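Report on the following structure.
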Amino acid sequence: MPLNIYIISHPIIHTLSTQIIYSLQKNNKINESICNEITFLLIYELLRKWIKVKNIYIKDIDQIKEISIFDPKESYILLTNLEKCYNTINHLKILIPKLSLLHIDTYKDENHNTKICFHSKQEKNLKNNKIIIVQKILNNNSIINFINELIHQYNIHINSIKIICIVCNKKILENINKKYSNLEIYTSKIINT
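Read left to right, the sequence shown gives residues 1 to 193 (full-length UniProt numbering).
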């Protein structure tokens, strides 16, 4: 089964992501506000398909009122570098009441391999939640090791994990596909470099 990659082709996302790609190609600093906007739009797309809403009907004397609420059994954990996308994430906390945030960071180990790690004691709360991993650029295999850790160490089912990234490297996607072919990834662009 092939990897589920959703390339969001909305004109606004396309225009903003082109600016990010240009900055990467020119080795310029990436505009964080543009990244935040794209991230928010990608999260919106992911949640549009993933979030469940319950309708409650209240019978009044002469009418029936309908109220929509989030499914109380579902909760979400967003794993990202909170320092870099705080504005976007803060806005999401208002929109999605059962959203928890966990800070993750990248570092180089002694063999110069890039690793992703938690900076929180909340890891024990990962089970029974829907996990959204947000990375600006998916350009190394550290994400595979991180997903492996989530699945094997924290017993998270692969169907409960989704990845959002502004830009994906094609080679990394191929590597992810070899190990986690049913993972879903939402992105704005796939690059070959």
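Beta carbons are placed, not taken as given, at the ideal position from N, Cα and C, and that holds for glycine.
Fair warning: this is a prediction, and the values are worked out from it, not measured in the lab.
Per DSSP, reduced to three states, the secondary structure at Lys93 is helical. In chain order, Asn182, Leu183, Glu184, Ile185 place their CB closer than 8 angstroms to the CB of Asn4, counting only its own chain and leaving out the 5 sequence neighbours on each side. Around the C-beta of Lys130, 16 or more other C-beta atoms lie within 10 Å, and the residue is accordingly described as buried.
Under the three-state reduction of DSSP output, Glu37 falls in the helix class. A distance below 8 angstroms between beta-carbons, with the five flanking residues on each side excluded, links Ser160 to the following residues of its chain, in chain order: Asn129, Lys130, Ile131. Spatial neighbours of Asn148 in its own chain (CB-CB distance under 8 angstroms, excluding positions within 5 residues in sequence) are listed in chain order as Lys179. In the DSSP annotation of this structure, the continuous segment of the alpha helix (DSSP H) that includes Tyr22 starts and ends at 11 to 25. The continuous alpha helix (DSSP H) containing Ser142 extends over residues 142 to 152.
Rounded to the nearest whole angstrom, the C-alpha separation of Ile67 and Asn145 is 42 angstroms. Put simply, the segment 72 to 88 touches the segment 30 to 44. At least three CB pairs are less than 8 angstroms apart.
Counting along the chain, no beta strand (DSSP E) covers Glu174; the unbroken alpha helix (DSSP H) around it starts and ends at 170 to 179.
Leu126 sits in coil when the DSSP states are folded into three classes, being neither helix nor strand. Annotation: Tyr6 to Pro97 spans about 25 angstroms, alpha carbon to alpha carbon. Residue Gln135 holds the alpha-carbon nearest to the alpha-carbon of Ile116 among Ser100, Gln135, Leu99.
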